[in-house]
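Chemist: Below is the structure I would like to discuss, written out as structure tokens.
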Amino acid sequence: MKDETDKSFDMVELPGCPGKLEVPTPAEKDALDKMRGIKERVRTLKRRLTRLKDSGHDEGVPEISELEKELSHLKMEWDKWEQIRQKAAKERMILLGHEESH
């Protein structure tokens, strides 16, 4: 007999499936973890960039350029992980029967 007191939102029972589907899926969690790491790094770099630009010292210019390059690289990484996250979310929605596969 199924325990009706378990109202967990982390697992969704699928009809006709022997197991449960984890929501968000491990692939989604991985992508979200990577994106959180990128976000923290971006915040740190932007604070440093703001301090350098506000200081008005010309000797910080090479570092400003490097920080801007790193931010650009992180933006590309973010976009890559966002695509991976979206693909994993779509796969989950297909498994749950909310979307059709194409």
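Those letters in the sequence shown? Residues 16 to 117, by this note's numbering. Ideal Cβ placement from N, Cα and C applies to all residues, glycine included.
With respect to the beta strand (DSSP E) encompassing E106, which residues constitute its N-terminal and C-terminal limits?
Modeler: As a first step, residue 106 must be located in the sequence shown, where it is residue number 91. Where E106 is concerned, there is no enclosing beta strand (DSSP E), although the alpha helix (DSSP H) it sits in stretches over V76 to L111.
Chemist: Measuring CB to CB, does L89 end up less than 8 Å from I79?
Modeler: Your numbering for residue 89 matches position 74 in the sequence shown. Your numbering for residue 79 matches position 64 in the sequence shown. Not in contact: L89 and I79 (Cβ atoms no closer than 8 Å).
Chemist: Buried or exposed: which applies to L82, given that a residue is buried once 16 or more other Cβ atoms fall within 10 Å of its Cβ?
Modeler: Walking along the sequence shown from the start, residue 82 turns up at place 67. Result: buried.
Chemist: What residue does the alpha helix (DSSP H) around W52 start on, and which one ends it?
Modeler: Stepping through the sequence shown from its first residue, residue 52 is reached at position 37. According to the sequence provided, residue 52 is Gly. The question's Trp does not apply to it. Note, G52: alpha helix (DSSP H), P41 to S70.
Chemist: Counting only the same chain and skipping the five closest in sequence on each side, list residues whose C-beta sits under 7 Å from that of E85.
Modeler: Walking along the sequence shown from the start, residue 85 turns up at place 70. Excluding residues within five positions, the ones whose Cβ falls inside 7 Å are L60.
Chemist: Which residue's Cα is closest to the Cα of K95: R58, L47 and V38?
Modeler: For this step, residue 95 is matched to residue 80 along the sequence shown. Nearest of R58, L47 and V38 to K95, Cα basis: L47.
Chemist: Of the residues A42, S70, V76 and I53, which one's Cα is nearest the Cα of S87?
Modeler: Start at 1 with the first residue of the sequence shown, and residue 87 comes out as number 72. Answer by Cα proximity: I53.
Chemist: Excluding the five sequence neighbours on either side, which residues of its own chain have a C-beta within less than 8 Å of the C-beta of L64, listed in chain order?
Modeler: The count along the sequence shown starts at 1 and reaches residue 64 at position 49. Same-chain partners within the cutoff: I79, L82, E83 and L86.
Chemist: Between S70, R58 and T40, which lies nearest to A104 when the distance is taken from Cα to Cα?
Modeler: In the sequence shown, residue 104 corresponds to position 89, counting from 1. Checking every option, the nearest Cα to that of A104 belongs to T40.
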